[in-house]
Amino acid sequence: MSHAKTRTVSVMASLLIVGVALGGCSTKSAPSATEPSSPSADSSPQLTSPDAPKAASPKTDGTWTTLLPGEAKDDLKFSTDGTLSDQDKVLLDSIPVTYVSDGSALYAKRLVVSDSSPSGNYTFVKGCEEADPSSGLCWAVFLVDRAEGTAYPVTVGKYGGKDWVQWSSDDRYAVLVEVMEGSSWIYVVDLQTEASKNLGEMSANIDLESFQWTGDRTFTITVDGSPMQVDLDTVFQ
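Residue numbers for the sequence shown follow our numbering, beginning at 1 and rising by one.
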C-alpha cells in the first residue's frame, strides 16, 4: 500500500507541474487575428503611391508683364531681333503671331509674360501683333520649359485667352481661361506631356476669383453662379 500511495503522489505532482507550466505559457498567447494590436508611436509611416493627389495647391494671384523688344523678365528676354531667350539660350528664333494668305507671317512686336510656375521652370508667353497694348491680338501662346530649354506653342482659345493662369503646386498642370462672344472655355495643360484639353463651351459668367485648388489634381470654379468641380486625372484619361 505504501508503494502505491507513493506512486499516486508522484503522478499527481507531475501533473501539477505540467499544468503550471502550461498555464504559464498561455499568458503569452498571440493576439487575435481579428483584433490587431495598435502600432506604436514610432512605427514607420504608411507609404503612399507617388501618383496620389497631394494637398491643395495655392491659388496664384500673379500679374502678366508686357515686354517690348529689348526688355526682359526673370531671365526671359525679348531681343530687338525678335528672338526669345532664357539666360542667353535662344528658345525661339522668331515669334510668328499671324499667318496671312500668301504664306508670310506677322511677327510679335510685343510679348505678354505670365508669372512662373511654383518651381520657376514654366512660364507662358503670348506674342502680340502690335506694340501698342490698346490694339492688336495676342493669340500666339507658347509654354517655356526652362529645364528643357524649349518654348512650344499651345492652344488657348481663338484669341489666346485671358491674362490669367493657375499652376498646380507639383508643376504638373496649368489652368487657363478664354472668354469671348458670350461664352467661356477652360483649358488645362499637362506640363509634362504638353497635352492640352478644352473642358467645353460654358457660360461667359465665370468667376475667376472663385477658383480654388482642392488638391494637385482637382479644383473648383464657379460658372453661372454654380460651383463646378474638375478632376484632372479624369480629364486626361
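Just so you know, even glycine gets a beta-carbon here, dropped at the ideal spot from N, CA and C. The structure presented is a predicted model; accordingly, all values stated were derived computationally and were not measured.
> V113 to G160, Cα distance in whole Å?
Replying inline: 12 angstroms
> Between which two residues does the beta strand (DSSP E) carrying L68 extend?
Replying inline: No beta strand (DSSP E) holds L68; DSSP gives it neither H nor E.
> By Cβ distance below 8 angstroms, which residues in the same chain neighbour V235 in space, the five residues on each side in sequence not counted?
Replying inline: V188, K197 and L199
>> Along the chain, where does the alpha helix (DSSP H) containing D233 start, and where does it finish?
In response: L232 to V235
> Among residues of its own chain, excluding the 5 on either side of I206, which ones have a beta-carbon nearer than 6 angstroms to its beta-carbon?
Replying inline: S184 and V223
> Cα separation between D74 and Q237?
Replying inline: 34 angstroms
> Leaving out five residues before and five after P96 in sequence, what residues of the same chain have Cβ atoms less than 8 angstroms from its Cβ?
Replying inline: A105, L106, Y107, A108, G127 and A140
>> Taking the alpha-carbon of E201 as reference, which of R217, V177, E194 and S169 has the nearest alpha-carbon?
In response: V177
> Curious, which full-length beta strand (DSSP E) runs of at least 3 residues does the region 171-225 contain?
Replying inline: 173-180, 183-190, 196-203, 206-213 and 218-223
>> My output table needs one value for Q87: the three-state DSSP class, helix, strand or coil.
In response: coil
> What separation, rounded to the nearest whole angstrom, lies between the Cα atoms of W132 and R110?
Replying inline: A small fix is needed here, since residue 132 is Asp in this sequence, not Trp. One C-alpha to the other measures close to 8 angstroms.
> Since R110 sits in a beta bridge, which residues does DSSP pair it with?
Replying inline: C128
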